[in-house]
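Q: Take a look at this one; I'll ask things after.
2 protein chains.
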Amino acid sequence: MAARTINVGSVKQRSKNGVKANGRNGEAVVKPVNFGPLATWIGFNLRMAQESAFQAFSRRSLEVGESPGRFATLTLIARNPGISQTELSLAAGRDKSSLTPVVEDLVRRGMVERKRMRDDRRAYSLNLTMAGRKTLTQLTRCARGHERALDSVIGMRDRKRFIQILKKIAAEVK
Amino acid sequence: MAARTINVGSVKQRSKNGVKANGRNGEAVVKPVNFGPLATWIGFNLRMAQESAFQAFSRRSLEVGESPGRFATLTLIARNPGISQTELSLAAGRDKSSLTPVVEDLVRRGMVERKRMRDDRRAYSLNLTMAGRKTLTQLTRCARGHERALDSVIGMRDRKRFIQILKKIAAEVK
DNA sequence: AGAAGTTAGTTGGATATCCAACTAACTCGC
DNA sequence: GCGAGTTAGTTGGATATCCAACTAACTTCT
Numbered sequence: 001m002a003a004r005t006i007n008v009g010s011v012k013q014r015s016k017n018g019v020k021a022n023g024r025n026g027e028a029v030v031k032p033v034n035f036g037p038l039a040t041w042i043g044f045n046l047r048m049a050q051e052s053a054f055q056a057f058s059r060r061s062l063e064v065g066e067s068p069g070r071f072a073t074l075t076l077i078a079r080n081p082g083i084s085q086t087e088l089s090l091a092a093g094r095d096k097s098s099l100t101p102v103v104e105d106l107v108r109r110g111m112v113e114r115k116r117m118r119d120d121r122r123a124y125s126l127n128l129t130m131a132g133r134k135t136l137t138q139l140t141r142c143a144r145g146h147e148r149a150l151d152s153v154i155g156m157r158d159r160k161r162f163i164q165i166l167k168k169i170a171a172e173v174k
Numbered sequence: 001m002a003a004r005t006i007n008v009g010s011v012k013q014r015s016k017n018g019v020k021a022n023g024r025n026g027e028a029v030v031k032p033v034n035f036g037p038l039a040t041w042i043g044f045n046l047r048m049a050q051e052s053a054f055q056a057f058s059r060r061s062l063e064v065g066e067s068p069g070r071f072a073t074l075t076l077i078a079r080n081p082g083i084s085q086t087e088l089s090l091a092a093g094r095d096k097s098s099l100t101p102v103v104e105d106l107v108r109r110g111m112v113e114r115k116r117m118r119d120d121r122r123a124y125s126l127n128l129t130m131a132g133r134k135t136l137t138q139l140t141r142c143a144r145g146h147e148r149a150l151d152s153v154i155g156m157r158d159r160k161r162f163i164q165i166l167k168k169i170a171a172e173v174k
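Residue numbers (the numbering used here), protein chains in the order written: chain A, 1 to 174; chain B, 1 to 174.
The structure is reproduced here in structure tokens:
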């Protein structure tokens, strides 16, 4: 029911465009892989980059003992006190049913307080508790480190434009 | 066991930075959502963009009756005849155990031929069948349309640099 | 005010993915 | 050549998601 274990995943051997194997004499040999059209296609590269970034952030957030997915949720609740689960799911880009177990877990662990709204008793009103704020602070520290690492890969010159493009894709591709 | 159903997912209502709701008189009203630091963080925007692009491609590949995940797999097998499952998993950025059901499904449906390798009888040698090549051709057509749509969002001026950055992230962030 | 339609959240069923542990098959060092 | 270590693929157990269908609670329309 509630999420407990945290999977972090790690790809064992990866090189720029090949797979490491062992040659006859034991030296590492890279067998080149032909990616064909995938090499220049946005979709594939977007997925690979997202995966890498997510794995890296997972490792960091694990140090705080939190699942990486909790971060966006806690931030959105913190910034929008009283937000409902549906609003939250739309903002986070997840289905509302995905949020049921997440919120349940956060409530159970005392990070989030959930009350029925006065003027609409179907909806819940979500707010961070003190403990939730504390956890968010720690996660935010992780995220800042993560972002710095990404920045150094991207380079500050291209960063702004890069984010603009990502936002444009999220907004316009449907 | 074998994948059959294809989920495509659709977010019902989304606007640039808010959630659509209904005002007192029925006109659509956008309640702004505060994203806080998420708005400028790479990781979050990367995830949202990837999600959008993936959903869009899912819809397209559904028209051919294939799951979107099959595309990279088929392409990699086509371009690297005789590739093993482990090599494939590394190239596709997935765990080798994730490939077991995928390959099983492709073999069962006659898209892929799987033989033990001569010189290493643990490993499988994967090749496309005629049917596999045909399906790949259709999927490639979908993917080209998808890429064109992404191109028009990104703009050809930034496209090359954008892909470079994605590749850099995938390669260097760990 | 009642019926019909819509919306918030949950439940159920499914896929995709991960990691750890396992078996069979290979390689290396002595 | 044989035992120890490594590697290919599968299996098992878990999370995160999705969509469709459901219930309860609103809103609208007449």
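All C-beta atoms, glycine included, are put in the ideal place defined by N, C-alpha and C.
Using a Cβ-Cβ cutoff of less than 7 Å, which residues in the same chain neighbour P81(B) once the five nearest sequence positions on both sides are dropped?
A: Taking the first residue of the second sequence as 1, we reach residue 81(B) at position 81. The answer, listed in chain order, is N127.
Q: Is the CB of V112(B) under 7 Å away from at least one CB in chain A?
A: As a first step, residue 112(B) is located in the second sequence; it is residue number 112 there, counting from the start. Output row for V112(B): interface = no.
Q: Return the bridge partner residues of I83(B) from the DSSP annotation.
A: Reading the second sequence from its first residue, position 83 is the one you call residue 83(B). For I83(B), which the question treats as bridged, DSSP gives the partners L126(B).
Q: What does DSSP give as the partner residue(s) for P101(A) in the beta ladder?
A: One-based indexing of the first sequence puts residue 101(A) at position 101. For P101(A), which the question treats as bridged, DSSP gives no partner whatsoever.
Q: Just the C-alpha distance for E113(A) and G132(A), rounded to the nearest angstrom, thanks.
A: Residue 113(A) sits at position 113 when you count from the first residue of the first sequence. Residue 132(A) sits at position 132 when you count from the first residue of the first sequence. C-alpha separation (whole angstroms): 9 Å.
Q: Spatial neighbours of S125(B) within its chain, please: CB distance less than 6 Å, with the 5 preceding and 5 following residues excluded, ordered by chain position.
A: As a working note, residue 125(B) is residue 125 in the second sequence. Hits under 6 Å: G82, K115 and M117.
Q: Report yes or no: is there a C-beta of chain A within less than 7 Å of the C-beta of Q164(B)?
A: Reading the second sequence from its first residue, position 164 is the one you call residue 164(B). It does not: the Cβ of Q164(B) has no partner Cβ on chain A nearer than 7 Å.
Q: Beta-carbon within less than 8 Å of N102(A)'s beta-carbon, same chain only, minus the 5 sequence neighbours each way: which residues are those?
A: Mapped onto the first sequence, residue 102(A) falls at position 102. It is worth fixing the name first, because residue 102(A) is Val in this sequence and not Asn. The residues are A3, G69, R70 and T73.
Q: Taking the beta strand (DSSP E) that E172(A) belongs to, which residues open and close that run?
A: What you label residue 172(A) is simply residue 172 of the first sequence in a count that begins at 1. Unbroken run through E172(A) is the alpha helix (DSSP H), M156 to E172; no beta strand (DSSP E).
Q: Examine chain A for any beta-carbon lying closer than 7 Å to the beta-carbon of S52(B), and answer yes or no.
A: Residue mapping note: residue 52(B) aligns to position 52 of the second sequence, counting from 1. So, interface residue.
Q: Using DSSP's beta-bridge definition, name the partner residues of K115(B).
A: Taking the second sequence and counting its residues from 1, one reaches residue 115(B) at position 115. K115(B) is bridged to S125(B).
Q: Just checking my contact of I42(B) with I163(A) at CB under 8 Å: how many whole Å lie between their CB atoms?
A: To locate residue 42(B), count along the second sequence from 1; it is residue 42. To locate residue 163(A), count along the first sequence from 1; it is residue 163. Yes, I42(B) and I163(A) are in contact; Cβ-Cβ is about 7 Å, under 8 Å.
Q: Around the C-beta of M156(A), are 16 or more other C-beta atoms found within 10 angstroms, so that it is buried, or is it exposed?
A: Position 156 of the first sequence holds residue 156(A). By the neighbour-count rule (16 or more Cβ atoms within 10 Å), M156(A) is not buried but exposed.
Q: Starting from R94(B), trace the alpha helix (DSSP H) both ways and give me its first and last residue.
A: Residue 94(B) sits at position 94 when you count from the first residue of the second sequence. Where R94(B) is concerned, there is no enclosing alpha helix (DSSP H), given that its DSSP letter is neither H nor E.
Q: Alpha carbon to alpha carbon, what distance is there between R122(B) and A91(A)?
A: For the purposes of this step, residue 91(A) is taken as the residue at position 91 of the first sequence. For the purposes of this step, residue 122(B) is taken as the residue at position 122 of the second sequence. Roughly 47 Å between the two C-alpha positions.
Q: Residues of the region 32 to 50 of chain B with a CB closer than 8 Å to any CB of chain A: list them in chain order, please.
A: Result list: V33, N34, F35, G36, P37, L38, T40, W41, I42, G43, F44, N45, L46, R47, M48, A49 and Q50.
Q: What in chain A is Cβ-close to V64(B), meaning under 8 Å?
A: Taking the second sequence and counting its residues from 1, the one referred to as residue 64(B) is at position 64. Those do not exist, as V64(B) stays about 15 Å from chain A at its closest Cβ, beyond 8 Å.
Q: Would you say K167(B) lies against chain A (beta-carbon separation less than 7 Å)?
A: Working through the second sequence from its first residue, we reach residue 167(B) at position 167. Answer yes: the Cβ-Cβ gap between K167(B) and chain A drops below 7 Å somewhere.
Q: Which two residues bound the contiguous alpha helix (DSSP H) that contains L62(B)?
A: Here residue 62(B) corresponds to residue number 62 of the second sequence, with the count starting at 1. Looking at the DSSP string, the run of the alpha helix (DSSP H) that includes L62(B) is I42 to E63.
Q: Rounded C-beta distance between E87(A) and V33(B)? I'm assuming under 8 Å.
A: Counting from one through the first sequence, the residue named residue 87(A) turns up at place 87. Counting from one through the second sequence, the residue named residue 33(B) turns up at place 33. 7 Å between Cβ atoms; contact.
Q: Report all residues from its chain with a CB closer than 7 Å to the CB of L38(B); omit the five preceding and five following residues, and keep chain order.
A: Indexing the second sequence from 1 puts residue 38(B) at position 38. Here the set comprises F44.
Q: Relative to the C-alpha of R94(B), which candidate in M48(A), M130(A) and I169(A) has its C-alpha closest?
A: Along the second sequence, read from residue 1 onward, the residue named residue 94(B) stands at position 94. It is M48(A) whose Cα lies nearest to the Cα of R94(B).
Q: So K134(A) contacts chain B; which residues on that side make the cut at Cβ distance below 8 Å?
A: Here the question's residue 134(A) lines up with position 134 in the first sequence. Chain B residues near K134(A): none, gap ~17 Å exceeds 8 Å.
Q: What residues in the region 143 to 154 of chain A bring their beta carbon closer than 8 Å to a beta carbon of chain B?
A: Going along the region 143 to 154 of chain A in chain order, one finds A143, H146, E147, A149, L150, D151, V153 and I154 with a Cβ nearer than 8 Å to chain B.
Q: Going by beta carbon distance, what residues of the same chain come within less than 6 Å of L106(A), once the five residues before and after it are set aside?
A: For the purposes of this step, residue 106(A) is taken as the residue at position 106 of the first sequence. Here the set comprises V112.
Q: So what does DSSP say about P37(A), is it helix, strand or coil?
A: Translated into positions along the first sequence, residue 37(A) becomes position 37. It is helical.
Q: Under the rule that 16 or more other beta-carbon atoms within 10 Å means buried, what is S89(B), buried or exposed?
A: Taking the first residue of the second sequence as 1, we reach residue 89(B) at position 89. S89(B) should be labelled buried.
Q: Between the Cα of A56(A) and the Cα atoms of D119(A), K31(A), R159(A) and A143(A), which residue gives the shortest distance?
A: Counting from one through the first sequence, the residue named residue 56(A) turns up at place 56. Answer by Cα proximity: A143(A).
Q: Quick check: is the beta carbon of N80(A) nearer than 7 Å to any beta carbon in chain B?
A: The residue given as residue 80(A) occupies position 80 in the first sequence. Judged by the 7 Å Cβ criterion, N80(A) is in contact with chain B.
Q: Looking at I169(B) and V64(A), is the spacing between their C-beta atoms short of 7 Å?
A: Numbered from its first residue, the first sequence carries residue 64(A) at position 64. Numbered from its first residue, the second sequence carries residue 169(B) at position 169. Not in contact: V64(A) and I169(B) (Cβ atoms no closer than 7 Å).
Q: Work out the CA separation of I165(A) and R161(B) for me, nearest whole Å.
A: Translated into the one-based positions of the second sequence, residue 161(B) becomes position 161. Translated into the one-based positions of the first sequence, residue 165(A) becomes position 165. One C-alpha to the other measures close to 11 Å.
Q: Measuring only the C-alpha atoms, how far is G145(A) from G145(B)?
A: Within the first sequence, the letter at position 145 stands for residue 145(A). Within the second sequence, the letter at position 145 stands for residue 145(B). C-alpha separation (whole angstroms): 37 Å.
Q: Out of K167(A), L99(A), R159(A) and T140(A), which one is the CA nearest neighbour of T75(A)?
A: Here residue 75(A) corresponds to residue number 75 of the first sequence, with the count starting at 1. The candidate whose alpha carbon is nearest that of T75(A) is T140(A).
Q: Looking at the ligand GTP, does it come within less than 6 Å of N80(B), judged from the CB to the closest heavy atom?
A: In the structure on display, the ligand GTP does not appear, and there are no ligands present to speak of.
Q: Could you tell me the alpha carbon to alpha carbon distance between K96(A) and R79(A), rounded to whole angstroms?
A: On the first sequence, position 96 is the one that residue 96(A) refers to. On the first sequence, position 79 is the one that residue 79(A) refers to. Looking at the two C-alpha atoms, the distance is approximately 19 Å.
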